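For reference, the structure is listed below as structure tokens.
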Amino acid sequence: MVELTIDGNKVEVPEGSMVMHAAHKLGVYVPHFCYHKKLSIAANCRMCLVDVEKAPKALPACATPATNGMVVHTASERAVSAQKSVMEFLLINHPLDCPICDQGGECQLQDIAVGYGGSSSRYNEEKRVVFHKDLGPLVSAEEMSRCIHCTRCVRFGQEVAGVMELGMVGRGEHSEITTFVGRSVESELSGNMIDLCPVGALTSKPFRYQARTWELARRRSVSPHDSLGANLVVQVKGERVLRVVPFENDAVNECWISDRDRFSYEGLHEDRLTAPMVRSCDGQWREVSWSEALQSVAQGLTRVRDSFGAGQIGALATEYATTEEFSLLARLTRALGSENIDFRLRQTDASFDAARAGVPWLGMAVSDLDTVDCVLVVGSVLRKDHPLIAQRLRQAAKRGARILLVDTLADDPLLPVAARLTVAPSALPRALAEIGAALAALKSTETPAAFAAVEPSEAARKIAEFLAAGTQTAVLLGNQAVAAPEASLLAANARHLADAVAARFGFLTAGGNTLGGYLAGAVPGQGGKGAQAMLAEPLKAYVVLHAEPLLDADNGAQAVEALKAAQFSVALTPYRSSAEQWADVMLPVAPFTETSGTFINAQGLAQSFKGTVAPLGQTRPAWKVLRVLGNVLQLQGFDDETSEGVRDAALVGGIEGRLSNDVKAALGVGKPAQGGLERAADLPIYRSDAIVRRAPSLQATASSRAPQAKVNAATLAKLGLEAGQAVRVASAQGSVTLPLAVDNNVADGAVRVAAGFEQTAALGSAFGQLTVERA
Numbered sequence: 001m002v003e004l005t006i007d008g009n010k011v012e013v014p015e016g017s018m019v020m021h022a023a024h025k026l027g028v029y030v031p032h033f034c035y036h037k038k039l040s041i042a043a044n045c046r047m048c049l050v051d052v053e054k055a056p057k058a059l060p061a062c063a064t065p066a067t068n069g070m071v072v073h074t075a076s077e078r079a080v081s082a083q084k085s086v087m088e089f090l091l092i093n094h095p096l097d098c099p100i101c102d103q104g105g106e107c108q109l110q111d112i113a114v115g116y117g118g119s120s121s122r123y124n125e126e127k128r129v130v131f132h133k134d135l136g137p138l139v140s141a142e143e144m145s146r147c148i149h150c151t152r153c154v155r156f157g158q159e160v161a162g163v164m165e166l167g168m169v170g171r172g173e174h175s176e177i178t179t180f181v182g183r184s185v186e187s188e189l190s191g192n193m194i195d196l197c198p199v200g201a202l203t204s205k206p207f208r209y210q211a212r213t214w215e216l217a218r219r220r221s222v223s224p225h226d227s228l229g230a231n232l233v234v235q236v237k238g239e240r241v242l243r244v245v246p247f248e249n250d251a252v253n254e255c256w257i258s259d260r261d262r263f264s265y266e267g268l269h270e271d272r273l274t275a276p277m278v279r280s281c282d283g284q285w286r287e288v289s290w291s292e293a294l295q296s297v298a299q300g301l302t303r304v305r306d307s308f309g310a311g312q313i314g315a316l317a318t319e320y321a322t323t324e325e326f327s328l329l330a331r332l333t334r335a336l337g338s339e340n341i342d343f344r345l346r347q348t349d350a351s352f353d354a355a356r357a358g359v360p361w362l363g364m365a366v367s368d369l370d371t372v373d374c375v376l377v378v379g380s381v382l383r384k385d386h387p388l389i390a391q392r393l394r395q396a397a398k399r400g401a402r403i404l405l406v407d408t409l410a411d412d413p414l415l416p417v418a419a420r421l422t423v424a425p426s427a428l429p430r431a432l433a434e435i436g437a438a439l440a441a442l443k444s445t446e447t448p449a450a451f452a453a454v455e456p457s458e459a460a461r462k463i464a465e466f467l468a469a470g471t472q473t474a475v476l477l478g479n480q481a482v483a484a485p486e487a488s489l490l491a492a493n494a495r496h497l498a499d500a501v502a503a504r505f506g507f508l509t510a511g512g513n514t515l516g517g518y519l520a521g522a523v524p525g526q527g528g529k530g531a532q533a534m535l536a537e538p539l540k541a542y543v544v545l546h547a548e549p550l551l552d553a554d555n556g557a558q559a560v561e562a563l564k565a566a567q568f569s570v571a572l573t574p575y576r577s578s579a580e581q582w583a584d585v586m587l588p589v590a591p592f593t594e595t596s597g598t599f600i601n602a603q604g605l606a607q608s609f610k611g612t613v614a615p616l617g618q619t620r621p622a623w624k625v626l627r628v629l630g631n632v633l634q635l636q637g638f639d640d641e642t643s644e645g646v647r648d649a650a651l652v653g654g655i656e657g658r659l660s661n662d663v664k665a666a667l668g669v670g671k672p673a674q675g676g677l678e679r680a681a682d683l684p685i686y687r688s689d690a691i692v693r694r695a696p697s698l699q700a701t702a703s704s705r706a707p708q709a710k711v712n713a714a715t716l717a718k719l720g721l722e723a724g725q726a727v728r729v730a731s732a733q734g735s736v737t738l739p740l741a742v743d744n745n746v747a748d749g750a751v752r753v754a755a756g757f758e759q760t761a762a763l764g765s766a767f768g769q770l771t772v773e774r775a
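Just so we're aligned: 9 in full-length UniProt numbering is position 9 of the sequence shown, and the numbers increase by one with no gaps anywhere.
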């Protein structure tokens, strides 16, 4: 530690700290633009000049190391004079457009200019003009003349997002921040550049000219889109969400959010169902009162139960329903006498529930990912499935952590990968078996009998070496692994690897509230059917909460046919188009911004939130709808008056004791490949749920481009086809026509066809065999 004095106050800071860090520890404000606590030091702006005794001139606080006995004055005459001079230079070329600037009212330059700027300018020459840039549909760079070259956006791309999409060209007054040869910004974290920009050079394109910042009410919420549970500030004008920005929480999302969290609010305003609707005998939809709609639902469910038995009623939900909604849906289903309830619409392994000992979770705190020195991630497109967890692993890798990947799609995670094994989906269990056999040989322990016939590949041996050398190691199962038909086997093999090296084992769970679904009991009970079984062997009645079955289920086409064939189906949905095809009754329920609730993230942290705007039209919170429906059906146990009461009942006894990653399934190498091509399906980041799919700006990004059939060069040569051709891709269920493209990230013997699109829904399951031939 070193001790120094700042403005007469002594302070101790770790060796290597800068004066700025010491000032922050004391709570002393030093004006700055380029400094940011999460970015490297650039010392570009010079606004933080301070007076250091015995130094011949003012020094930048952000780049001056603290030393023992140093005496610093941040508000002396020399310091303030230097700061005012820097501000005068910064304002020389800055345009006087505060009245129309989106940053006005929350602009660092504006704020600091009040304290350190002059009342008039001595500069009479023409100001420089910088031509606007097109950075894509999310980030606006229409007024780059405002840029003060702090390079926060450049450093963010390099150091946090992992890709340098912006850089500086030119020198002196010709310097400009620009993209590389006119490319747009495509990082899944790009919106954070807007928050980092201390002036109005980079602003939100969807928010542009929508409101002044002082007109916005700010309300806290939690993201529903992935298992991190990023903390949000939802900004509202009137009763409309106009902007979403991060709420800083170092234990969860630090000060970042993904673009999916930031811009998906646009989907809250599109295609909304605003009144209860019932399908008439002639197939036409008509608006009805809530009372009539609930009576119709009660009559429909009662009729099916009385005619066919309670076992013919099933409930389906999706991973971003709140814990309260899950709890009441489970309560309703069981009160009707059925155990058929599930929210894991993409899960295809019927034996997964029997294989798990408790609620699967991350196995550690999210912040513990910062301290690992070796991580094996199985079956995940990290950047797209969990962008902020990928960011934490990126920082860990910069500190020396070894990142190891076993996957079917070798997409660039934008972080250093120490070793990787990319195989066809059916070969994932064998790939883990190879690593297990290599570990046994490396540690001179007995090879498990199930792995005895396995010969490790070079990549498997390399992964085993890194796992064996780690001291703070983790093995994590991703979304694709958990959704696979052999999820139980993958979990068993991965758990074995973790145990072999004393590593922590966990699941990178899908959706914003997977743990909440498990803890609230929204999974099949004894004798109950899971989502796949309910849709493969159609029931007579379905209650569907929030889900859009065509795009949210593993086999969307089969799901829609099952729902159409049912005698009665009710949809609790915010969106009209999600259920028009198959429902008999549609009840408008609130998305997460219009209801109170709780999301439980992958580490088991329960985060409750309130509604940020009033429900649209006749929309009602789903937990209230389910509670009233229970009363209409005259069922016991539907007397809750608040969402907090429902939450407390669901989580009685706590969370931690119910979490367990123990796996009861046996080890194995899986089934041999059947020959032909296997489907390797990714779920694009902006096709993951109904809200995101309706956000126009996110759908205009490269990540949401129309799907293609992608194979690697070797597979393309075997097929005898050419890239760019239209091909007919067929499964056992159906076929689609797609353009063929080369993607060397795809494993041999596999064809990459994205899920989550209407264009590919006819293919059915995300797993299985495909044929590809000229259209």
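From the three backbone atoms N, C-alpha and C, an ideal C-beta is built for every residue, glycine too.
None of the values given here were measured: they were computed from a predicted structure.
A residue is called buried when at least 16 other Cβ atoms come within 10 angstroms of its Cβ; glutamate 455 does not meet this threshold and is exposed. Under the three-state reduction of DSSP output, glutamine 607 falls in the strand class.
Contact check for alanine 335 and glycine 637: beta-carbon distance about 7 Å, within the 8 Å limit, so the pair qualifies.
Here serine 221 is near phenylalanine 609, since their CB atoms are less than 7 Å apart. Following the DSSP letters along the chain, one finds leucine 439 inside the alpha helix (DSSP H) bounded by residues 428-443.
The three-state reading of DSSP puts tyrosine 265 in helix, counting H, G and I together. Proline 206 and isoleucine 257 have their C-alpha atoms spaced approximately 16 Å apart. Under DSSP, methionine 18 forms a beta bridge with Pro65.
With fewer than 16 neighbouring CB atoms inside 10 Å of its own CB, threonine 67 falls in the exposed class. Two segments are said to touch when three or more pairs of C-beta atoms, one from each, lie closer than 8 Å; by this definition the stretch 315-328 touches the stretch 606-624. Exclusion of the five residues before and after lysine 84 leaves Tyr116, Gly117 and Gly118 as the residues of its chain whose Cβ lies within less than 8 Å of its Cβ. If the five residues before and after glycine 734 are omitted, its C-beta is found closer than 8 Å to the C-beta atoms of Ala557, Ala762, Leu763 and Gly764, all from its own chain and listed in chain order. Under the three-state reduction of DSSP, proline 246 is assigned to strand. Your pair alanine 562 and proline 538 checks out as a contact, with CB atoms roughly 4 Å apart and the cut at 8 Å.
Arg658 is the residue among Ser140, Tyr209, Gly229 and Arg658 whose C-alpha sits nearest the C-alpha of glycine 358.
With respect to lysine 384, isoleucine 600 sits apart: the two C-beta atoms are not nearer than 7 Å.
In this structure glycine 309 is exposed. Its beta-carbon is surrounded by fewer than 16 other beta-carbon atoms within 10 angstroms. Taking C-beta separations shorter than 6 Å and ignoring five residues to either side along the sequence, the partners of alanine 702 in its chain run Glu186, following chain order. In the three-state reduction of the DSSP assignment, valine 72 falls in the strand class. In this structure, alanine 211 sits near leucine 242, with a CB-CB distance shorter than 7 Å.
The stretch 360-429 contains, as complete alpha helix (DSSP H) runs of 4+ residues, the segments 382-385 and 387-398 (chain order). Secondary structure note for asparagine 231: its beta strand (DSSP E) is the uninterrupted segment 231-237. The C-beta distance from aspartate 584 to arginine 279 rounds to 5 Å, short enough to fall under 8 Å.
Tyrosine 29 carries a coil assignment under DSSP once its states are collapsed to helix, strand and coil. Taken atom to atom, the span from the alpha-carbon of cysteine 150 to that of glutamine 699 is near 31 Å. Cβ-Cβ separation between proline 448 and glycine 436: approximately 6 Å, consistent with a contact (criterion under 8 Å).
With three or more CB-CB distances shorter than 8 Å, the stretch 506-513 counts as touching the stretch 379-399. Contact check for alanine 494 against valine 475 passes: the beta carbons are separated by less than 7 Å. Using a Cβ distance threshold of 7 Å, alanine 553 and leucine 421 do not count as a contacting pair. Note that the C-beta distance between histidine 32 and cysteine 48 is below 7 Å. In the three-state DSSP reduction, glutamine 103 falls in the coil class, being neither helix nor strand. Residue burial is scored here from C-beta neighbours: serine 296 has at least 16 other C-beta atoms within 10 angstroms and is therefore classed as buried. When the Cα atoms are used, threonine 178 and glutamate 548 turn out to be separated by approximately 40 Å.
Between lysine 540 and glutamine 312, the beta carbon gap of about 4 Å places them in contact (Cβ cut-off 8 Å). Following the DSSP letters along the chain, one finds isoleucine 194 in no beta strand (DSSP E) but inside the alpha helix (DSSP H) bounded by residues 192-196. Distance check between serine 704 and each of Glu254, Asp689 and Ala43 places Asp689 closest, using alpha-carbon atoms only.
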